[in-house]
Amino acid sequence: MQALKAVWTVPALILTAFVLLGNVVRIAGATSQETPEPGFRWKDGAEVYAKVCAFCHEAKVGPTIRGRGLAPAYVTFIVRHGNRAMPSFRAAEIDDESLAKVAEYVSNAAANQ
């Protein structure tokens with residue numbers, strides 16, 4: 773029985789290390805992202821996408837979302853509520869005006885734009 777415990781201990785330790793490392797990287801990435809000043813306004817949806825969404829969606833961490841003709845209402849819903857690995861973003865993280873801009877941009881953008 774002791775050998776059985778040892779066999780399961782190594783994979784459990786490796787899995788735990790990956791989870792902890794992933795959380796450290798996620799926290800470090802979150803703190804290094806640009807935080808707009810109060811009253812700041814994004815120029816347009818393309819700028820919001822480049823500064824907020826592209827971090828995952830252009831690096832193939834998340835799925836390609838441009839060029840798919842996703843409805844702005846769908847994009848807005850997924851951003852606010854999350855979906856699988858996609859975290860939800862509160863209004864404090866992306867305001868309604870910026871979300872509307874980026875949802876419209878994603879809906880109309882070509883895949884290679």
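For what it's worth, my numbering labels the leading residue of the sequence shown as 773, then goes sequentially. Positions of the beta carbon are idealized from the N, C-alpha and C atoms, including for glycine. Predicted model, so just to flag it, every value in this text is computed and none were measured.
Length of the line joining the Cα atoms of residue i and residue j
{"i": "VAL824", "j": "THR781", "result": "39 Å"}
{"i": "PHE861", "j": "VAL851", "result": "6 Å"}
{"i": "GLU819", "j": "ASP868", "result": "15 Å"}
{"i": "ILE720", "j": "ALA864", "result": "The chain is shown only over 773 to 885; residue 720 falls outside these bounds and no answer can be derived."}
{"i": "ALA857", "j": "PHE849", "result": "15 Å"}
{"i": "ARG813", "j": "TYR821", "result": "14 Å"}
{"i": "GLY817", "j": "GLU830", "result": "15 Å"}
{"i": "LYS815", "j": "SER870", "result": "9 Å"}
{"i": "ALA826", "j": "PRO859", "result": "14 Å"}
Whole-number beta carbon distance between residue j and residue i, since they are thought to touch under 8 Å
{"i": "ALA881", "j": "GLY839", "result": "6 Å"}
Bridge-paired residues (DSSP) for residue i
{"i": "ASN880", "result": "Per DSSP, none; premise fails for ASN880."}
Buried or exposed by the 16-neighbour rule on C-beta atoms within 10 Å, applied to residue i
{"i": "LYS890", "result": "In this structure the chain extends from 773 to 885, so residue 890 is not present and cannot be described."}
{"i": "TYR877", "result": "buried"}
{"i": "ALA875", "result": "buried"}
Same chain only: Cβ atoms within 7 Å of residue i, ignoring 5 sequence neighbours per side
{"i": "GLY811", "result": "none"}
{"i": "VAL847", "result": "ALA875, VAL878 and SER879"}
{"i": "LYS832", "result": "none"}
Same chain, Cβ closer than 6 Å to residue i, neighbours up to 5 away in sequence not counted
{"i": "CYS828", "result": "GLY834"}
{"i": "ALA883", "result": "ARG838 and GLY839"}
Residues near residue i in its chain [Cβ-Cβ closer than 8 Å; skip 5 each side]
{"i": "GLY841", "result": "SER879"}
{"i": "ILE866", "result": "VAL820, VAL824, VAL851 and VAL874"}
{"i": "ALA843", "result": "SER879"}
{"i": "ALA845", "result": "ALA875"}
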